[in-house]
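Peer 1:
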Amino acid sequence: MSLTEPPKQPLEVPPTPSGAASALRYTGIPPSWFQKRPKLPSRNWLIFWGVLGSVTSLYIYDRRAAKRIKDEYSEKVRWRSEEKLNPLDLPRKVRVYACRWPGDDDHNRSMKYFRKYVKPILVAAAVDFELVNGNRHGGLARSIADKIKSRRREALPPDHPLRKDIQTSNIPLPSVGSSQQKQEREIQGGTLIVGRHTLKEYLHGLRLGWSEALNAVDREELLALKLASDGVLDEPDVSDSKDLIADEESPKPRTGVGRTSLPGSPLFSHVLAQPTTHHAQKLSESQPTPQPSESPMIPQEIPPQPPLLLLSFKNLIGFRYIPHMIVDFFNERKRAKEGAEAAYTLIEGHTRDFVPPEHEARPNDLSAEWFATELEGLEKLADSLPRLGSQSGDLDFDIKHERYIPRSYDKTPKEIAEARKRYYEALPGKLVVARSLARGEREPTKEEREHPPPTEVEITSERFKKELKWQEDLDGWRLLRAGSGVDWDSRFTGALRVYRPPPESASSA
12 MSLTEPPKQP LEVPPTPSGA ASALRYTGIP PSWFQKRPKL PSRNWLIFWG VLGSVTSLYI
72 YDRRAAKRIK DEYSEKVRWR SEEKLNPLDL PRKVRVYACR WPGDDDHNRS MKYFRKYVKP
132 ILVAAAVDFE LVNGNRHGGL ARSIADKIKS RRREALPPDH PLRKDIQTSN IPLPSVGSSQ
192 QKQEREIQGG TLIVGRHTLK EYLHGLRLGW SEALNAVDRE ELLALKLASD GVLDEPDVSD
252 SKDLIADEES PKPRTGVGRT SLPGSPLFSH VLAQPTTHHA QKLSESQPTP QPSESPMIPQ
312 EIPPQPPLLL LSFKNLIGFR YIPHMIVDFF NERKRAKEGA EAAYTLIEGH TRDFVPPEHE
372 ARPNDLSAEW FATELEGLEK LADSLPRLGS QSGDLDFDIK HERYIPRSYD KTPKEIAEAR
432 KRYYEALPGK LVVARSLARG EREPTKEERE HPPPTEVEIT SERFKKELKW QEDLDGWRLL
492 RAGSGVDWDS RFTGALRVYR PPPESASSA
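When we follow our numbering, the leftmost residue of the sequence shown carries the number 12, and every step to the right adds one.
Right, dumping it as structure tokens:
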């Protein structure tokens with residue numbers, strides 16, 4: 012009997028790899044990798060790669076468009092850099108004004124905006140520029156006013172008493188030229204204003220420079236005279252000193268150590284130098300009988316000023332503007348376009364008259380007399396000052412961007428009041444320690460040996476610096492707060508001009 016066996020199935024021979032698989036089979040790569048069929052990723056991966064690809068594409072497109080705009084305008088003005096100059100000629104020079112945005116700790120943010128979006132076009136056209144940045148609120152206005160008053164002194168006759176401190180060089184330099192040539196070059200160069208906050212400081216400094224007397228006492232001198240005569244740091248009586256030591260744990264703000272006024276206190280001798288005191292006495296003596304030759308009249312007209320280019324700028328601060336920041340991050344091409352067009356307008360040099368306002372804002376005098384000394388008044392100052400709306404004309408430049416000023420900036424007077432209150436509450440105790448150690452009434456403690464307390468002279472200097480800082484911060488807040496308006500003088504009409512975009516025919520050519 013024979014057993015029937017099923018026929019044997021032929022063995023399946025794996026397909027012979029071909030192409031890249033046959034070449035890579037000897038590299039150690041598992042064969043299953045070549046036989047795996049591709050498939051779509053999961054839903055979550057598709058969402059991730061889709062969002063990542065979209066965001067990356069939008070970023071790349073935006074940056075390429077911004078670079079293309081800069082290159083386009085750079086090529087449009089490059090021919091100006093190829094023009095030949097005479098050996099004694101100077102290139103065009105633009106003065107750029109920028110200052111600290113209200114409520115921002117970075118004082119250089121508006122200047123960075125100029126360097127990033129406007130500077131490349133000016134460099135391509137071989138236009139020189141001078142950067143003037145205000146590091147503190149109101150500092151740019153004071154700097155502009157001081158510079159204008161210095162020029163007014165230089166224009167006085169050589170034998171005028173107010174020219175005694177001016178040092179002029181008797182050596183003629185061909186590259187410098189006369190004062191008239193300097194003024195003509197400044198007018199031809201122009202002025203660039205970055206943002207509405209800078210326009211406020213510029214026009215305010217311009218008005219102060221052409222309105223204040225040339226023989227006015229310096230702000231620091233006025234403050235030092237005021238602090239030296241207020242009696243806060245005067246020596247108390249013996250009975251008062253005992254009461255002061257007993258009440259040291261609960262001092263009262265701004266009461267002072269004593270009330271005996273000593274105008275000639277030697278504590279401020281390092282702040283008020285002898286020429287300053289002599290100058291103040293000279294001014295007080297000359298007040299009853301003023302002489303026209305020594306006190307020049309305020310000019311009725313202002314000479315033509317360099318044309319202004321108003322560059323729009325806004326600074327987003329705070330969590331509530333995070334959505335705006337995200338949109339601006341992917342809209343770099345818009346800022347590049349605005350900066351390039353502003354630079355092109357400045358280079359072409361077409362101007363128009365400055366449109367005056369319908370009504371003038373109240374003067375924002377940066378004077379020491381205005382500085383409030385009552386703590387209650389400072390705390391309520393933000394609510395007492397009026398808020399101006401539209402002034403019409405060119406003074407409404409970037410007025411819509413005032414809404415981006417942080418709300419916390421309105422708390423500046425209250426913060427100053429609280430800081431002054433804390434300082435003057437701790438001041439009597441510091442004076443008692445400094446005087447007792449200086450007179451040898453007691454030995455210093457171990458902590459005082461390791462960390463010596465401030466002396467009476469150091470306390471006086473510290474008080475002067477703090478009061479000066481508080482005064483400048485308060486003046487800057489009053490000038491730059493939202494709704495303060497832009498300072499204006501009727502004499503500006505006809506003296507100010509503004510750059511306007513060139514005609515379409517010129518821009519297309």
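Think of the CB as a built atom: it goes at the ideal place given N, C-alpha and C, for glycine as much as any other residue.
1. I'd like the list of long-range same chain contacts for VAL468, defined as Cβ closer than 6 Å, with 5 residues on each side in sequence excluded.
2. Spatial neighbours of PRO299 within its chain, please: C-beta separation below 8 Å, excluding the five flanking residues on both sides.
3. Quick one, are the C-beta atoms of LEU214 and LEU442 less than 9 Å apart?
4. Which two residues bound the contiguous beta strand (DSSP E) that contains LEU363?
5. Are the Cβ atoms of MET122 and VAL105 separated by less than 9 Å?
6. Give me, in chain order, the residues of the same chain whose beta-carbon lies closer than 6 Å to that of ASN144; leave out the 5 immediate sequence neighbours on both sides.
7. Identify which residue in ILE313, GLY39, GLY201 and PRO318 has its Cα closest to the Cα of SER501.
8. In the DSSP assignment, what residue or residues form a beta bridge with GLY329?
9. Less than 6 Å between C-beta atoms, sequence neighbours within five positions excluded: which residues of the same chain meet that for LEU151?
10. Scan the region 196-227 and note each continuous beta strand (DSSP E) run of 3 residues or more that stays entirely inside, going in chain order.
11. Okay, do the region 398-413 and the region 344-360 touch, 3+ Cβ pairs below 8 Å being the bar?
12. Is it right to say LYS160 is buried, meaning 16 or more other beta carbons lie within 10 angstroms of its own, or is it exposed?
13. At the level of alpha carbons, what is the spacing between GLY440 and GLU426?
14. So ASP139 is in the beta strand (DSSP E); what residue range does that whole segment cover?
15. From the DSSP output, in three-state form, read off LYS47 for me.
16. According to the neighbour-count rule (16 or more other Cβ atoms, all chains shown, within 10 Å of its Cβ), is ARG218 buried or exposed?
17. Hey, out of LYS50, PHE45 and PHE503, whose CA is closest to GLN311's CA?
18. How far does the beta strand (DSSP E) with VAL105 in it reach, from first residue to last?
19. Compare the Cα-Cα distances from GLY360 to each of ILE198, SER395, LEU438 and ASP73 and report the closest residue.
20. Distance cutoff 9 Å, beta carbons only. Does ILE58 sit that close to anything in chain D?
21. Within 8 Å: the Cβ of PRO464 and any heavy atom of the ligand GTP?
22. Quick check on this structure: which residue in HIS171, PRO102, ASP229 and ASP170 has the alpha carbon closest to the alpha carbon of ASP537?
23. Name, in chain order, the residues that DSSP records as bridge partners for TYR510.
24. Report, in whole angstroms, the separation of the C-beta atoms of PHE365 and VAL509, which I expect to be a contact under 8 Å.
Peer 2: Looking at the atomic coordinates:
1. none
2. Residue placement at PRO299 is poorly supported in this model, since its pLDDT is 41, which falls under 50; the coordinates still yield a value, given next. Taken in chain order, the list of residues that qualify is empty.
3. no
4. The sequence shown places Arg at residue 363, not Leu. Counting along the chain, the beta strand (DSSP E) containing ARG363 begins and ends at 362-364.
5. Taking a C-beta distance under 9 Å as the contact criterion, MET122 and VAL105 do not qualify as a contact pair.
6. Cβ neighbours of ASN144 beyond the five flanking positions: ALA109 and MET122.
7. ILE313
8. According to the DSSP secondary-structure assignment, GLY329 is paired through a beta bridge with no residue.
9. CYS110, GLY145 and GLU212
10. Segments of the beta strand (DSSP E) lying fully in the region 196-227: 202-205.
11. no
12. buried
13. Near 23 Å, if we compare the C-alpha coordinates of GLU426 and GLY440.
14. 139-145
15. coil
16. buried
17. PHE503
18. 104-110
19. ILE198
20. In summary, chain D is missing from the structure at hand, where a single protein chain is found.
21. Looking for the ligand GTP in the displayed structure turns up nothing, as the structure carries no ligands at all.
22. As shown, the chain starts at 12 and ends at 520. That puts residue 537 outside it, with no answer to give.
23. THR362
24. At roughly 5 Å, the Cβ-Cβ gap stays under 8 Å, so PHE365 and VAL509 are in contact.
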